[in-house]
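Report on the structure given below.
There are 2 protein chains.
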Amino acid sequence: MPDPLRLGIAGLGTVGIGVVKIVQAHADLIAARAGRPVVISAVSARDRTKNRDADLSGYAWEVDPVALARRADVDVFVEVMGGSEGAARAATEAAIAAGKDVVTANKALLAHHGQALAESAEAAGRVIRFEAAVAGGIPVIKTLTEGLAGNRITRVMGVMNGTCNYILTRMESAGLPYETVFEEARQLGYLEADPTLDVGGIDAGHKLSLLASIAFGTRVSFDAVELEGIERVSIDDIRLAADMGLKIKLLGVAQMTGRGLEQRMSPCLVPADSPLGQLPGGTNMVVLEGDSVGQIVLRGAGAGQGPTASAVMGDVIDLARGVRMPTFGRPATTLDAAIAAKATAPAEHYLRMTLQDKPGALAKIATVLGESGISINRMRQYGHADATAPVLIVTHKTTRDSIDRALAGFAATGVMVGEPVALRIEPV
Amino acid sequence: MPDPLRLGIAGLGTVGIGVVKIVQAHADLIAARAGRPVVISAVSARDRTKNRDADLSGYAWEVDPVALARRADVDVFVEVMGGSEGAARAATEAAIAAGKDVVTANKALLAHHGQALAESAEAAGRVIRFEAAVAGGIPVIKTLTEGLAGNRITRVMGVMNGTCNYILTRMESAGLPYETVFEEARQLGYLEADPTLDVGGIDAGHKLSLLASIAFGTRVSFDAVELEGIERVSIDDIRLAADMGLKIKLLGVAQMTGRGLEQRMSPCLVPADSPLGQLPGGTNMVVLEGDSVGQIVLRGAGAGQGPTASAVMGDVIDLARGVRMPTFGRPATTLDAAIAAKATAPAEHYLRMTLQDKPGALAKIATVLGESGISINRMRQYGHADATAPVLIVTHKTTRDSIDRALAGFAATGVMVGEPVALRIEPV
Chain A
0 MPDPLRLGIA
10 GLGTVGIGVV
20 KIVQAHADLI
30 AARAGRPVVI
40 SAVSARDRTK
50 NRDADLSGYA
60 WEVDPVALAR
70 RADVDVFVEV
80 MGGSEGAARA
90 ATEAAIAAGK
100 DVVTANKALL
110 AHHGQALAES
120 AEAAGRVIRF
130 EAAVAGGIPV
140 IKTLTEGLAG
150 NRITRVMGVM
160 NGTCNYILTR
170 MESAGLPYET
180 VFEEARQLGY
190 LEADPTLDVG
200 GIDAGHKLSL
210 LASIAFGTRV
220 SFDAVELEGI
230 ERVSIDDIRL
240 AADMGLKIKL
250 LGVAQMTGRG
260 LEQRMSPCLV
270 PADSPLGQLP
280 GGTNMVVLEG
290 DSVGQIVLRG
300 AGAGQGPTAS
310 AVMGDVIDLA
320 RGVRMPTFGR
330 PATTLDAAIA
340 AKATAPAEHY
350 LRMTLQDKPG
360 ALAKIATVLG
370 ESGISINRMR
380 QYGHADATAP
390 VLIVTHKTTR
400 DSIDRALAGF
410 AATGVMVGEP
420 VALRIEPV
Chain B
0 MPDPLRLGIA
10 GLGTVGIGVV
20 KIVQAHADLI
30 AARAGRPVVI
40 SAVSARDRTK
50 NRDADLSGYA
60 WEVDPVALAR
70 RADVDVFVEV
80 MGGSEGAARA
90 ATEAAIAAGK
100 DVVTANKALL
110 AHHGQALAES
120 AEAAGRVIRF
130 EAAVAGGIPV
140 IKTLTEGLAG
150 NRITRVMGVM
160 NGTCNYILTR
170 MESAGLPYET
180 VFEEARQLGY
190 LEADPTLDVG
200 GIDAGHKLSL
210 LASIAFGTRV
220 SFDAVELEGI
230 ERVSIDDIRL
240 AADMGLKIKL
250 LGVAQMTGRG
260 LEQRMSPCLV
270 PADSPLGQLP
280 GGTNMVVLEG
290 DSVGQIVLRG
300 AGAGQGPTAS
310 AVMGDVIDLA
320 RGVRMPTFGR
330 PATTLDAAIA
340 AKATAPAEHY
350 LRMTLQDKPG
360 ALAKIATVLG
370 ESGISINRMR
380 QYGHADATAP
390 VLIVTHKTTR
400 DSIDRALAGF
410 AATGVMVGEP
420 VALRIEPV
């Protein structure tokens, strides 16, 4: 049996302990599959006294993850601390400089520094793998980088934040407003310390930017992701969408257009009977479309100890088997595909607004739409008891630019009550 | 740029031409991803004069695939001829003997000779990859062998014959009997020359046996797959199942039990609102369950030129990148997990029968069930115009052995009209 592959695990939170548990529980199985043992040499976390639900007595302990990254008895630096800056970044850079391969679950780190890290790793002949950074236990990085490598990828879509999907699904099933379900999710411990990371779409946007780089050969460009969170999704919209056979999902979409890569992370409407529409709370789904393969749908747990540790271990076992390839599927220095300044891919849009119930109000709205170059596919005016009229419009395909022009025009009509809502209907 | 990886493609049917098209259309993209060019040196098919929808003029031509397999200018032998014996087997053996790696789409070959081929390839330091052999474009071999390598796999399920899924789905949506839809499928060209391969579950059983070997560390054991085709599924059963919120699918299930690996390929009932239940027409779905990852669902096109060629090219690009591992995810000589003589994992079962409408008939059936150790979960007797009574029973969890005992007992009661139907309700 060849030499063991020796891990240094930085971060002993949920995921780190999950990795320890798998290495301990499945030592024989992993050795059989990897062709060599996988062992843990050392671990790192600040507080050594904390009770961690795993026997760590056999491992060296480093308080400083940078010291862990430089240990001579570590072949692979497993970074499961999180955070785009500070210790996670310093230790990852130190690991590469010290000639270690890296397995990381850190989407924020790669979304912000992935290009620089990949370039330095590749210059040093080192490998960075990050299956656990995107969609938890779903092997989507592997599927995209390896399984579909013969395809020109045409679109990548995903529901990649289980908390947002839980909130939207629960709003619908229980008929509760956003604020109530948000508070429930907080009490259940589903939200990040900074909930904007979840409900603002930032966490999911990080993941989308990583998938987009692999799919389309661009540098990771999180700053170019058009982000819109779920904070403004109302129970009214969820109900009206359901009436039309649609569901609201926080959906990430990346696609290549004539103007370059477009990336959006926003609440979108999808058919209720599509795989995305049928996705229940807490779960993740990624849809990959390629010119040869057609549409591949992957579904599974997007977070949690077991699923995330499973993804880390898939990467570790790949390294033990000698699988080596560039971080984003081709040399980082060749990632040169164009990135669009603004997403312009057209789609149908859902518009909901409340009008003052007086003659000519609807005509004014229709005029604004026409002047914005938007034609109406379907329109419904709902019954109402007071002096306001709820109106729902589904447009034909149009761009977000045109929608924004129309929204500005609506405001100038003087017939609107409150703010209109505009949601993209993503064709799936 | 390193040396190109040189392919020899044996078989120029739909899949072979699909591979040629991808290599030609995406040469630059593949070279960027693989780190080296992928080229075709030579091809093989019997009839050189046939019009094949691709320019083959740049490639050497071998009538004999064995000669192709031995060519000095071939690094990877791509076997897309099909058939478990004859030319496909001889040429694959010749390729391994000549020191070539092999990429194959041939499920029958591997289901029957996979163990011997893997052993000889591994002894020679060669690699056999077969993503295209199972579920077309869905990268399920890669997901199971690599992505989930840190998991003890607990169950593998799949709808892996698109033709059967088309037939069952179409029967339901159009309300047509099996024979009519079978004939439609034949006229649409969906069926193999020997349709038993499809509707008898043999093709899907081949695929299941390959997944089971990887998942559970057994030798490929197609002969141990308990096979039941869809020929006896009636429109009545499809309707009654729908009434109970269930769908009938030709479902492959492999799971490890205390008695060893169990493999079944049979019409099963699954919840209509589960991913398997929602799977439309010609599509494939594989469900993988692991102790850490939980449940992963993969969905996509299970056949067709593009999807199958995509899977072949994923394997080819892996080889170009230097990815090498044993055929079934661990050395073939170590595949020693036990295989059960007979599937005994219990499940609820659906029983449909027609009884003579006379006093005591139902009591006799209930007595037989009790004597077979089967308890009743739900029972319905349907209205009827003649002197027969359609009865539907859902049992509590029981084994197929007990069901078979009960079926024998029913026959002895003298109150049955025709043959009863028994279908497993697979918990998903």
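In the order they appear, the protein sequences are chains A and B.
If you're matching positions, the first sequence starts at 0 in numbering that gives the first Met the number 0 and goes up one per residue.
If you're matching positions, the second sequence starts at 0 in numbering that gives the first Met the number 0 and goes up one per residue.
Backbone N, C-alpha and C define an ideal beta-carbon position, used for all residues, glycine too.
State yes or no: is the C-beta of residue i within less than 9 Å of the C-beta of residue j?
i: Leu11 of chain A; j: Phe129 of chain A; result: no
i: Val164 of chain A; j: Leu278 of chain A; result: Residue identity check: residue 164 of chain A is Asn in the sequence provided, not Val. Yes, they are a contact pair.
i: Ala310 of chain A; j: Gly293 of chain B; result: no
i: Ala104 of chain B; j: Val219 of chain B; result: no
i: Val155 of chain A; j: Val285 of chain A; result: yes
i: Ala148 of chain B; j: Arg169 of chain B; result: no
i: Phe327 of chain A; j: Gly113 of chain A; result: yes
i: Ser40 of chain A; j: Leu6 of chain A; result: yes
i: Cys267 of chain A; j: Leu287 of chain A; result: no
i: Leu422 of chain B; j: Ile201 of chain B; result: no
i: Gly281 of chain B; j: Tyr189 of chain B; result: yes
i: Val367 of chain B; j: Tyr381 of chain B; result: no
State the CB to CB distance for the pair residue i and residue j, rounded to an integer number of angstroms; the pair is presumed to be in contact (CB under 8 Å).
i: Gly303 of chain B; j: Met264 of chain B; result: No, Gly303 of chain B and Met264 of chain B are not in contact; Cβ-Cβ is about 22 Å, not under 8 Å.
i: Ala405 of chain B; j: Ser371 of chain B; result: 4 Å
i: Val38 of chain B; j: Pro3 of chain B; result: 5 Å
i: Ile16 of chain A; j: Ala53 of chain A; result: 5 Å
i: Leu108 of chain B; j: Arg125 of chain B; result: At roughly 16 Å, the Cβ-Cβ gap does not stay under 8 Å, so Leu108 of chain B and Arg125 of chain B are not in contact.
i: Ala117 of chain B; j: Pro426 of chain B; result: Not a contact, Cβ separation roughly 33 Å.
In this structure, how does DSSP classify residue i when only helix, strand and coil are distinguished?
i: Leu250 of chain A; result: strand
i: Leu239 of chain A; result: helix
i: Asn160 of chain B; result: coil
i: Leu167 of chain B; result: helix
i: Phe215 of chain A; result: helix
i: Glu92 of chain A; result: helix
i: Met80 of chain A; result: coil
i: Tyr177 of chain B; result: helix
i: Thr387 of chain A; result: strand
i: Glu191 of chain A; result: coil
i: Val315 of chain B; result: helix
i: Ser309 of chain B; result: helix
Please confirm if residue i has its CB atom under 9 Å from at least one CB of chain A.
i: Glu130 of chain B; result: yes
i: Arg320 of chain B; result: yes
i: Asn50 of chain B; result: no
i: Leu127 of chain B; result: Looking at the sequence shown, residue 127 of chain B is not Leu but Ile. Closer than 9 Å: no.
i: Pro266 of chain B; result: no
i: Pro1 of chain B; result: no
i: Met324 of chain B; result: yes
i: Arg218 of chain B; result: no
i: Gln294 of chain B; result: yes
i: Ala308 of chain B; result: yes
i: Ser291 of chain B; result: yes
Distance cutoff 9 Å, beta carbons only. Does residue i sit that close to anything in chain B?
i: Ile277 of chain A; result: Correcting the residue type first, residue 277 of chain A is Gln in the shown sequence and not Ile. Taking Cβ atoms only, chain B reaches closer than 9 Å to Gln277 of chain A, which makes this a yes.
i: Lys106 of chain A; result: no
i: Ser212 of chain A; result: no
i: Ala31 of chain A; result: yes
i: Ala271 of chain A; result: no
i: Pro274 of chain A; result: yes
i: Ala300 of chain A; result: yes
i: Val38 of chain A; result: no
i: Met436 of chain A; result: In the structure as shown, chain A begins at 0 and stops at 427. Residue 436 of chain A is therefore absent and cannot be evaluated.
i: Arg435 of chain A; result: Within the shown structure, residues of chain A are numbered from 0 to 427, placing residue 435 of chain A beyond reach of any answer.
Quick one: is residue i near chain E, going by C-beta distance under 9 Å?
i: Leu250 of chain A; result: Any reference to chain E falls outside this structure, whose protein chains are A and B.
**Touching by the beta-carbon criterion (3+ pairs, under 8 Å), the segment 115 to 130 of chain A and the segment 319 to 332 of chain A** = Enough Cβ pairs lie closer than 8 Å, so yes.
**Item:** Segment contact, 8 Å Cβ cut-off, at least three pairs: the segment 408 to 419 of chain A with the segment 336 to 344 of chain A
**Value:** They do not touch, by the three-pair rule.
**Request:** Could you tell me whether the segment 236 to 248 of chain B touches the segment 269 to 276 of chain B, using the rule of 3 or more Cβ pairs below 8 Å?
**Result:** The way I'd put it, the segment 236 to 248 of chain B does touch the segment 269 to 276 of chain B; three or more beta-carbon pairs between them come closer than 8 Å.
**Prompt:** Are there three or more Cβ pairs, one per stretch, closer than 8 Å when the segment 314 to 328 of chain B is compared with the segment 31 to 48 of chain B?
**Reply:** Short answer: they touch.
**Message:** Closer than 8 Å is the cut-off here; do at least three beta carbon pairs connect the segment 392 to 402 of chain A with the segment 347 to 364 of chain A?
**Reply:** Judged by Cβ distances under 8 Å, the segment 392 to 402 of chain A makes contact with the segment 347 to 364 of chain A, as three or more pairs qualify.
**Request:** Could you say if the segment 93 to 102 of chain A and the segment 64 to 82 of chain A meet the contact criterion of at least three C-beta pairs nearer than 8 Å?
**Result:** They touch, by the three-pair rule.
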